[in-house]
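Each step along the sequence shown adds one to the number in my numbering, with nothing skipped, and position 231 is 231.
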Amino acid sequence: MSKKEIKILILGNGFDLAHGLPTSYIDFINFVEIFMACISQVKPESYIVAFAEEKVGVAGKNYLTELFTNADKLSIRCEFKELLSENIWYNYFLAKKTRTGGLWIDFETEISSVIQAIYSLAIAFKDEEAWKKSQQILVPHIFSDCPKQFNDLLKKRDILITDLRKFARALELYLEDFVNRIPVLKRIPEIYNNKFDKVICFNYTNTYERLYQKDEKTSIEYIHGKTQSISTVEKCNLVLGIDEFLDTTEDDIDTEFIEFKKFYQRIWNNTSGSYIKWIEDIEQNKLVAHIFIYGHSLDKTDKDILCPFINLELGRIKIYHHTKQAFGNQIKKLVKLLGEANLILKVYENRIEFIQQEELINDK
Numbered sequence: 001m002s003k004k005e006i007k008i009l010i011l012g013n014g015f016d017l018a019h020g021l022p023t024s025y026i027d028f029i030n031f032v033e034i035f036m037a038c039i040s041q042v043k044p045e046s047y048i049v050a051f052a053e054e055k056v057g058v059a060g061k062n063y064l065t066e067l068f069t070n071a072d073k074l075s076i077r078c079e080f081k082e083l084l085s086e087n088i089w090y091n092y093f094l095a096k097k098t099r100t101g102g103l104w105i106d107f108e109t110e111i112s113s114v115i116q117a118i119y120s121l122a123i124a125f126k127d128e129e130a131w132k133k134s135q136q137i138l139v140p141h142i143f144s145d146c147p148k149q150f151n152d153l154l155k156k157r158d159i160l161i162t163d164l165r166k167f168a169r170a171l172e173l174y175l176e177d178f179v180n181r182i183p184v185l186k187r188i189p190e191i192y193n194n195k196f197d198k199v200i201c202f203n204y205t206n207t208y209e210r211l212y213q214k215d216e217k218t219s220i221e222y223i224h225g226k227t228q229s230i231s232t233v234e235k236c237n238l239v240l241g242i243d244e245f246l247d248t249t250e251d252d253i254d255t256e257f258i259e260f261k262k263f264y265q266r267i268w269n270n271t272s273g274s275y276i277k278w279i280e281d282i283e284q285n286k287l288v289a290h291i292f293i294y295g296h297s298l299d300k301t302d303k304d305i306l307c308p309f310i311n312l313e314l315g316r317i318k319i320y321h322h323t324k325q326a327f328g329n330q331i332k333k334l335v336k337l338l339g340e341a342n343l344i345l346k347v348y349e350n351r352i353e354f355i356q357q358e359e360l361i362n363d364k
């Protein structure tokens with residue numbers, strides 16, 4: 001590759017899942033559900049033996065056993081309990097999982113639904129007619145009845161913010177102390193056989209670093225934060241939030257719920273910035289940018305980060321998929337990101353290429 005070219009890898013959660021790592025939201029909820037059940041058991045080890053493997057697999061079962069039998073894990077076990085006991089978000093996600101049969105849950109979508117419902121109540125407080133119509137706006141496990149005053153709504157908001165930060169810290173514990181330590185013997189050939197100049201990681205885990213990083217000079221940007229071995233609720237920098245849901249200038253005026261939004265959390269947690277300079281350098285130096293996108297859903301919630309790379313004038317985009325259905329979903333998502341005409345043009349000009357993922361290979 002000449003000096004006029006650059007290779008950039010963009011990773012989503014499908015990257016971790018391809019390695020068999022339990023990093024989906026439902027994986028975490030299943031783990032927490034077993035953990036919280038064990039807290040109330042006289043003999044948690046017996047409960048783990050009886051019920052854990054079916055929900056969290058062998059690795060999860062072994063980790064839970066370690067948590068409840070190893071004295072060195074006492075502080076972690078106590079922290080999990082403190083973070084999740086009476087946590088309003090955990091209770092809400094668990095109830096949602098139960099209602100949907102445990103097949104799928106998306107934290108960001110669910111958080112957005114809750115915040116939009118509460119925002120509607122906040123707007124209604126300013127309009128008597130709207131307030132009368134909003135009396136039936138109730139969110140199960142968030143409100144038992146409709147707030148009577150605006151201050152009651154703000155108090156609930158503050159609890160939701162605090163509990164979301166606690167929930168994010170619990171997720172960090174799970175990923176750092178469990179997932180980041182799971183041995184992985186397989187490698188993705190498209191990534192293993194390439195050397196990248198820059199990596200943008202939407203995941204919280206260190207999977208790329210521990211399995212693929214060949215050169216310390218490779219810059220890795222953790223857009224949504226990265227798990228840390230020594231952390232607290234205050235130090236946890238994981239971004240767990242929502243995209244903008246307002247279509248008007250109200251989002252600049254009504255900032256009561258801004259703490260839930262991803263862009264705010266990126267700034268608050270200091271996890272954004274470097275990739276903007278990468279784009280500026282690529283454009284100024286007229287570099288041909290080879291962009292490899294692996295395991296990312298291409299969802300519009302990350303539009304502000306994905307589109308500047310996909311729309312680079314000299315960009316050459318390779319997007320990997322694991323099934324024909326996933327390929328179809330990628331096309332649908334890109335239409336929302338780029339528009340139909342722009343997508344067709346980029347595909348026609350071979351500036352966007354869809355590639356079937358190869359089978360994983362054994363580590364050498």
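Every residue gets a Cβ at the ideal spot worked out from N, C-alpha and C, and that includes glycine.
If you measure between the beta carbons of residue i and residue j, is that distance less than 8 Å?
i, j, result
"TYR244", "LYS261", "The sequence shown places Glu at residue 244, rather than the Tyr named in the question. In this structure, LYS261 lies closer than 8 Å to GLU244 by Cβ."
"VAL199", "LEU334", "no"
"GLY367", "ASN269", "With the chain represented from 1 up to 364, any question about residue 367 goes unanswered, as that position is not in the structure."
"ASP163", "ILE88", "yes"
"ILE230", "GLU108", "no"
"LEU34", "LYS55", "Note on identity: in this sequence residue 34 is Ile, with Leu being the wrong assignment. It is a contact, given that the beta carbons lie within the stated cut-off."
"GLU53", "HIS290", "no"
"PHE354", "HIS322", "no"
"ASP72", "LEU185", "no"
"LYS286", "LEU314", "yes"
"ILE288", "ARG316", "Note that residue 288 is Val in the sequence shown here, rather than Ile. A contact, by the Cβ cut-off of 8 Å."
"CYS201", "TYR222", "yes"
"LEU11", "TYR264", "no"
"GLN228", "GLU176", "yes"
"ARG210", "ILE361", "no"
Please classify residue i as buried or exposed, where buried requires at least 16 other C-beta atoms within 10 Å of its C-beta.
i, result
"GLN389", "Outside the modelled stretch of the chain, which goes from 1 to 364, sits residue 389, for which no answer is possible."
"LEU345", "exposed"
"ASN203", "buried"
"THR232", "exposed"
"LYS166", "buried"
"THR255", "exposed"
"ILE253", "In this prediction, ILE253 scores a pLDDT of 44, lower than 50, which makes its location untrustworthy; no coordinate-derived value is stated."
"GLY101", "exposed"
"SER40", "exposed"
"THR23", "buried"
"TRP278", "buried"
List the endpoints of the continuous alpha helix (DSSP H) containing residue i.
i, result
"GLN149", "Per DSSP, GLN149 belongs to no alpha helix (DSSP H) and is neither H nor E."
"TYR212", "Per DSSP, TYR212 belongs to no alpha helix (DSSP H) and is neither H nor E."
"LYS97", "88-99"
"ILE258", "That residue, ILE258, is in no alpha helix (DSSP H); it is neither H nor E in DSSP."
"LYS55", "44-69"
What does DSSP give as the partner residues of residue i in its beta bridges?
i, result
"SER8", "First, the residue type needs correcting, since residue 8 is Ile and not Ser in the sequence shown. Bridge partners of ILE8: LYS198 and ILE291."
"SER231", "In the DSSP output, where bridge partners are listed per residue, SER231 has none listed."
"GLN356", "HIS321"
"TYR222", "CYS201"
"ASN350", "Answer is none; ASN350 lacks a bridge partner."
"ASN362", "LYS186"
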